[in-house]
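Visitor: Next up is a structure, given as structure tokens.
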Amino acid sequence: MIVNKAYKFRLYPNEYQKELINKTIGCTRFIYNYMLGEKKDNINLFNFDLIKQIPSLTIKYPFLKEVDSCALRCALFDLDNGFKKYFNKKGGYPKFKAKGVKDSYRTNYIKNKYKDKIYENIKLDLVNKIITLPKLKEIKIRGYRHLRKINGRILNATISKVANKYYVSVCVEEELNVKEVIPSSVVGIDVGIKSLVTTSDGKTYGNPNYLNKYEKRIKRLQRDLSRKIKNSNNYYKTKMKLEETYRKLKNARIKTNEEIVSKIVNDYDIIISEDLSIKNMIEEAKKYLRKSITNSTMGDIIRRLKYKCTWLGKKYYQVNRYYASSQICSRCSHKDIKMKDLQKRKYKCSNCGLEIDRDINASINIMVEGLFRNYQFN
Ligand SMILES: [Zn+2]
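In terms of this note's numbering, the numbers along the sequence shown are unbroken and rise by one, the last being 419.
Have a look at this one:
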């Protein structure tokens with residue numbers, strides 16, 4: 042099985058390299074915004090028409106010549122994807138990029154053979170902890186201390202800058218030997234509001250409180266920032282602190298989600314969850330519990346469950362999002378529409394008298410529904 046994996050490293054560029062990275066980020070943003078403007082005038086322009094314009098643009102704007110040309114093309118592919126999503130109603134109309142928001146650029150791996158010598162524009166040396174990137178040449182990296190080699194084909198690299206720190210995420214195509222596990226255990230999970238994850242056997246994995254700590258700090262810094270004079274020294278200092286806190290919060294979330302998912306995929310062979318439309322859930326919960334729901338990054342958990350199960354040869358099923366897991370009694374299958382109310386924390390069945398935690402009830406229903414719809418019983 043072929044899978045894509047991303048390896049993210051901290052980058053340690055020298056002053057010259059830093060300047061070039063900043064320039065490249067600026068140039069990719071420039072060309073993205075320029076072409077977005079062109080598209081606004083003429084929506085029928087194809088991506089390939091835009092790419093054809095790059096050479097004439099580099100004559101008009103010579104600074105574009107200084108940076109990795111592949112990164113410029115990648116920016117246009119991103120723009121194209123943005124429009125594809127928009128036309129397929131999966132996203133909004135692409136927006137202009139602003140400086141200081143998601144500062145990054147991507148560049149593709151290219152391999153050439155010339156006089157029996159192989160030339161690669163991206164090279165990863167994990168023994169000496171050095172990455173070679175187009176135009177930037179060699180840069181020191183840190184991360185994956187115990188990894189000596191990546192067994193796979195590099196597809197691309199994304200260089201990013203957050204709070205004056207630099208990172209590179211290397212996307213690699215790897216061949217995985219997956220042995221199908223013969224299932225001997227099954228679990229239904231409810232991904233939700235009060236606890237991040239509730240399992241059908243009654244375990245919960247929580248919304249850790251330390252995430253709140255970062256959120257409080259973010260709120261405070263945002264307030265501070267709004268009081269500072271725009272573009273002053275203090276403004277930038279606060280802005281840096283804010284970015285750094287966002288980064289820490291994101292990492293803490295990823296770590297929590299990864300731990301929960303590892304535990305579940307380790308413990309069970311068939312895992313069933315709802316096919317949640319996160320957007321809908323947020324809409325529904327807006328009135329009551331918005332904060333904790335955005336807190337929990339449920340979509341990230343589902344995504345991790347999906348790929349972890351695939352990698353380990355386990356089964357992952359999804360139950361249709363319109364299946365009323367929280368309204369049905371897990372003992373007698375009686376349906377109670379009143380249980381739609383997210384604030385009711387206990388399921389009380391008016392038919393058989395069962396009283397059970399709302400999320401546990403839902404996860405049992407999810408398990409049964411998913412198992413009978415998907416699993417081939419012999
Ligand atoms: Zn009942």
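Just so you know, even glycine gets a beta-carbon here, dropped at the ideal spot from N, CA and C. Because the structure is a prediction, the values reported are computed rather than measured.
According to DSSP, which residues form a beta bridge with C212?
Guide: In the DSSP output, where bridge partners are listed per residue, C212 has A47, N197.
Visitor: Helix, strand or coil for K328? Go by DSSP, reduced to three states.
Guide: Summary for K328: the model assigns pLDDT 49, below 50, so the residue's position carries little reliability; its value from the coordinates is reported in the next sentence. Looking at K328 - three-state DSSP - the assignment turns out to be helix.
Visitor: Would you kindly work out how many angstroms separate the C-alpha atoms of L52 and N272, rounded to a whole number?
Guide: One C-alpha to the other measures close to 27 Å.
Visitor: Which ranges does the beta strand (DSSP E) cover as unbroken runs of at least 3 residues, wholly within the region 234-285, from first to last along the chain?
Guide: The qualifying runs are 238-240.
Visitor: Starting from D92, follow the alpha helix (DSSP H) in both directions and report where the run begins and ends.
Guide: The sequence given here has Ile at residue 92, not Asp. Segment 88-93, the alpha helix (DSSP H) holding I92.
Visitor: So what does R386 bridge to, in DSSP terms?
Guide: None; R386 has no bridge partner.
Visitor: Could you tell me the boundaries of the alpha helix (DSSP H) in which L165 lies?
Guide: No alpha helix (DSSP H) holds L165; the beta strand (DSSP E) holding it covers 164-166.
Visitor: Given 7 Å as the limit, tell me if R372 has its C-beta closer than that to any heavy atom belonging to ligand 1.
Guide: Correct: R372 has its Cβ closer than 7 Å to ligand 1.
Visitor: Comparing C-alpha positions only, which one of S367, L383, Q384 sits nearest to K376?
Guide: Considering only alpha carbons, the answer is S367.
Visitor: Grab the span of the beta strand (DSSP E) containing S391 for me, first residue to last.
Guide: No beta strand (DSSP E) holds S391; DSSP gives it neither H nor E.
Visitor: Between the region 340-347 and the region 265-285, do at least 3 Cβ pairs fall closer than 8 Å?
Guide: As far as the Cβ criterion goes, the region 340-347 does not touch the region 265-285, which means the pair count is below three.
Visitor: Is DSSP giving D231 helix, strand or coil here?
Guide: Strand, per DSSP.
Visitor: Please confirm whether E215 and K46 have their CB atoms less than 8 Å apart.
Guide: Going by C-beta atoms, E215 is nearer than 8 Å to K46.
Visitor: If you count every other CB in all the chains shown that lies within 10 Å of the CB of K257, and 16 or more means buried, which is it?
Guide: Counting Cβ neighbours within 10 Å, K257 comes out exposed, since fewer than 16 surround it.
Visitor: Just how far apart, CA to CA, sit A112 and G67?
Guide: If I take the Cα positions, the gap works out to 11 Å.
Visitor: So what's I334 in DSSP terms, helix, strand or just coil?
Guide: Summary for I334: the model assigns pLDDT 47, below 50, so the residue's position carries little reliability; its value from the coordinates is reported in the next sentence. Helix, per DSSP.
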